[in-house]
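Take the sequence shown: its letters are residues 1227 to 1467, numbered as in our numbering. Think of the CB as a built atom: it goes at the ideal place given N, C-alpha and C, for glycine as much as any other residue. I have placed the structure first, in the form of structure tokens, so that the comments after it can refer back to it.
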Amino acid sequence: MAHPLYRVAKQPRLYAYGGASQYLDSLVGVGSVGWDLGPVDFRAVAGGRHFFEWRSEGVAERVRLVNERYFLGGEIGRSFFGREMGALHLGWLQYPAAKLAYVTVNIDTATRFISGSEWRYRFILSYWACAMGTLSQSRGDWVHLISEVGKGLSENFLGASEVGLNVAWTYRATDALALGTGRHEMMTLALGPTLAWQGATGRWTVGVPFRMFLDSDVKAGKLTHPSVLGAPGFEVKWGPR
């Protein structure tokens, strides 16, 4: 496995990523543009959330997250493309309306191929540390762990396809002491199949995650909502690789 900071191939000098993910009663869209300067690369990130307001749960979610509807940020670090991939980035993510911001650290391990190029493995760690937001109900830290395994299906002059499995774990600790509501903790485990296609237009990935909300709301040390299995979600991502 290559070291995450080792550049085994030259990536495009200017590149973009995009994605959308359904989560509970909203759809979150994210877009980013990167610029590779050689020793380091920069990324600008922006996104927003659309609430499914035809459901009462979607209306309630919009009321709860009205100030966190739009976000923007940026990253600086080193990433590489090629037979093996990896990245290390330090960034800033902000919800302007909520006066809420995080310092972000993202580590993407090198992709490992097993038995030639048929099997792919990837591991991603993201940590968000709250840097601003004492007036927000969502102040706190986040930890995201993502593991992906994929197997190539076919490869021809049109492109290459792959089927895989994505496992994601998220932990969120929310401090709202100024509001008198104490400390909240939430954990989510997602498991779902993915299907990817890579051709001339880039790499497209579609996933259907099944999410388990583990002790979904622990408030001041007391469990207020037990673990529950949510409805299947939907995700689509696009990028140059």
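Alpha-carbon to alpha-carbon, residue j and residue i
i: L1231; j: T1330; result: Reliability of the predicted coordinates at L1231 is poor, the pLDDT of 37 falling under 50, and no value is obtained from them.
i: A1272; j: L1326; result: 15 angstroms
i: I1333; j: A1386; result: 26 angstroms
i: S1252; j: R1281; result: 10 angstroms
i: G1257; j: M1412; result: 26 angstroms
i: A1457; j: L1415; result: 13 angstroms
i: E1294; j: L1319; result: 12 angstroms
i: E1301; j: E1344; result: 32 angstroms
i: V1254; j: D1267; result: 25 angstroms
i: K1317; j: V1389; result: The residue you asked about is not Lys; residue 1317 is Gly in the sequence shown. When rounded, the distance between both Cα atoms is 31 angstroms.
i: P1425; j: V1285; result: Here residue 1425 turns out to be Gly, not Pro, going by the sequence shown. Their Cα atoms are separated by approximately 39 angstroms.
i: L1351; j: G1303; result: 15 angstroms
i: G1366; j: T1400; result: 4 angstroms
i: E1283; j: L1384; result: 43 angstroms
i: R1398; j: L1421; result: 28 angstroms
i: G1312; j: W1430; result: 19 angstroms
i: Y1296; j: Y1328; result: 14 angstroms
i: L1298; j: E1279; result: 24 angstroms
i: P1322; j: V1292; result: 11 angstroms
i: W1423; j: S1380; result: 10 angstroms
i: V1454; j: P1466; result: 36 angstroms
Residue i, buried or exposed, once every other Cβ within 10 Å from all chains shown has been counted against 16
i: A1355; result: exposed
i: N1382; result: exposed
i: P1435; result: buried
i: L1417; result: exposed
i: R1437; result: buried
i: T1427; result: exposed
i: S1305; result: buried
i: E1287; result: buried
i: A1324; result: buried
i: G1378; result: buried
i: R1239; result: exposed
i: S1290; result: The amino acid occupying residue 1290 in the given sequence is Arg; Ser does not appear at that position. With fewer than 16 Cβ atoms within 10 Å of its Cβ, R1290 is classed as exposed.
Distance CB(residue i)-CB(residue j) smaller than 8 angstroms
i: V1369; j: L1391; result: no
i: F1439; j: Q1248; result: no
i: A1246; j: V1462; result: yes
i: W1464; j: G1244; result: yes
i: Y1241; j: G1264; result: no
i: A1357; j: I1372; result: no
i: R1346; j: T1335; result: no
Endpoints, beta strand (DSSP E) assigned at residue i
i: K1325; result: Looking at the DSSP string, K1325 is not in any beta strand (DSSP E), and its letter there is neither H nor E.
i: V1432; result: 1428 to 1433
i: G1465; result: 1461 to 1465
Residue ranges of each beta strand (DSSP E) run of no fewer than 3 residues wholly in the region 1235 to 1314, ordered along the chain?
Correct list: 1240 to 1249, 1252 to 1262, 1267 to 1277, 1296 to 1306.
At 3 residues or longer, and completely inside the region 1350 to 1402: list those beta strand (DSSP E) runs for me, N to C.
Fully enclosed beta strand (DSSP E) runs of 3 or longer: 1366 to 1382, 1385 to 1401.
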